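Protein chains: 2
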Amino acid sequence: MDGNMLEQLIERYEMATFSVNRSLHVILRDRMPAQLTIEQYGVLRYIESRQLCHSSDLAEFMCVGKSAITAIVTRLVDKGLVGRKPDDRDRRIIWLYLTPEGKRMVADCKAAIGRMLAGYIGYFEEKEALGFIETYEKLAAVMAEDERRNRE
Amino acid sequence: MDGNMLEQLIERYEMATFSVNRSLHVILRDRMPAQLTIEQYGVLRYIESRQLCHSSDLAEFMCVGKSAITAIVTRLVDKGLVGRKPDDRDRRIIWLYLTPEGKRMVADCKAAIGRMLAGYIGYFEEKEALGFIETYEKLAAVMAEDERRNRE
DNA sequence: GTGATATAGTTCAATAATGAAACTGTATCA
DNA sequence: TGATACAGTTTCATTATTGAACTATATCAC
Chain Y
1 MDGNMLEQLI ERYEMATFSV NRSLHVILRD RMPAQLTIEQ YGVLRYIESR QLCHSSDLAE
61 FMCVGKSAIT AIVTRLVDKG LVGRKPDDRD RRIIWLYLTP EGKRMVADCK AAIGRMLAGY
121 IGYFEEKEAL GFIETYEKLA AVMAEDERRN RE
Chain L
1 MDGNMLEQLI ERYEMATFSV NRSLHVILRD RMPAQLTIEQ YGVLRYIESR QLCHSSDLAE
61 FMCVGKSAIT AIVTRLVDKG LVGRKPDDRD RRIIWLYLTP EGKRMVADCK AAIGRMLAGY
121 IGYFEEKEAL GFIETYEKLA AVMAEDERRN RE
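Going line by line, the protein sequences match chains Y and L.
Going by my numbering, the first sequence opens with residue 1, and the numbers climb by one from there.
Going by my numbering, the second sequence opens with residue 1, and the numbers climb by one from there.
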């Protein structure tokens, strides 16, 4: 790939990413049920995927400090969506879990997001959509690997 | 496209987007010169692209309220990167522009981001990268159109 | 065993982004 | 000229975030 082409691709990628992210952010913000912020939804979604997890996992996953997680989780506990439960063996560890209300909330949000994305993905041919996702996943993997390497 | 395939694509897209955005965010945060936040960089970049612009343009572009822009611009003015200049004819309007330092800062950031993206895009064949970008741009257009329609 | 050290999570203070509502000044229009 | 529209700011409350100090608990080396 010659330098000029690369430069153009970078420019186009920057623009497209910025635009898609901005749109997604606005759409999510507007359609997210009941004053859930996007960060809060991310935390709920992660806990759901793990059933049980601790603050440190979340901090690693969200790429923020543990004190940021404490703040978000406290708000979710106040809303009755998440519970805290100390571990029996190692009392330093506090397990986080979704309350029944929390589970219901995640299901609602997932459905709303699914409907929205289905609308967009529906615009594309299956072949184009598949190719796109595959490249996107490769990019995600390359970036994650790079990030991991940088942390060492 | 059948429902099952669609559901899988949505799941994969959600994951990939989340992962790429998180990585980009961390990488930008760490490599961005001199305590510039990503929002601040977005504002600088937009002003650069327009030479002159006002708060309202920026609010529209960033999809936030005008008071959020006032706050960000004030911080950038304090840092000496942006200037404010009232319009001669319509004194309600205040033009924003980059100071020489602001221009230098944007150039530095663009170079840093370009180097980073070049590293990632370099992993792909030209054909794959081109196809990806094209689909991404289509997606951006569809989303922007939808958003525009929703605002009406 | 006991003291040093590591770990999990919280608290606190500061900075930033944001929305909403009230407000200031200016322009426009009937 | 008076009502209205518009551009931008101010103020206030909420949320997210970092980083440092801190608490409580576990582990490890001697």
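Yeah, the Cβ is synthetic: ideal placement off N, Cα and C, and Gly gets one too.
As the structure is a computational prediction, the values presented were derived from the model and not from experiment.
CA-to-CA distance, residue j to residue i, given in whole angstroms
i: Y/Asp57; j: Y/Met15; result: 32 Å
i: Y/Lys85; j: Y/Ala68; result: 19 Å
i: Y/Val106; j: Y/Pro100; result: 10 Å
i: Y/Arg22; j: L/Gly119; result: 24 Å
i: L/Glu39; j: Y/Gly131; result: 31 Å
i: L/Val77; j: L/Asp108; result: 18 Å
i: L/Gly122; j: Y/Glu11; result: 14 Å
i: Y/Val26; j: L/Ala144; result: 10 Å
i: L/Phe18; j: L/Tyr46; result: 25 Å
i: Y/Gly3; j: L/Ser49; result: 22 Å
i: Y/Ala59; j: Y/Gly65; result: 6 Å
i: L/Glu147; j: Y/Arg91; result: 48 Å
i: L/Glu126; j: Y/Glu7; result: 12 Å
i: Y/Leu44; j: Y/Trp95; result: 13 Å
i: Y/Ala71; j: Y/Tyr13; result: 34 Å
Residue i classed as buried or exposed, judged by whether at least 16 other C-beta atoms fall within 10 angstroms
i: L/Met5; result: exposed
i: Y/Cys63; result: exposed
i: L/Thr135; result: buried
i: L/Leu9; result: buried
i: Y/Ala111; result: exposed
Nonlocal neighbours in the same chain, by C-beta distance under 6 Å from residue i, ignoring five residues either side
i: Y/Ile154; result: Nothing in the structure corresponds to residue 154 of chain Y, since chain Y is present only between 1 and 152.
i: Y/Tyr97; result: Leu52, Gly83
Segment limits, beta strand (DSSP E) that includes residue i
i: Y/Tyr97; result: 94 to 98
Proximal residues to residue i (C-beta, below 8 Å), its chain only, five neighbours per side dropped
i: Y/Gly80; result: Thr99, Glu101, Gly102
i: L/Gly114; result: none
i: Y/Gln35; result: none
First and last residue of the uninterrupted alpha helix (DSSP H) at residue i
i: Y/Phe18; result: 3 to 31
i: Y/Gly42; result: 38 to 50
I'd like the ranges of any beta strand (DSSP E) spanning at least 3 consecutive residues and lying wholly in the segment 60 to 86 of chain L. Counting only runs of 3 or more, we get 82 to 86.
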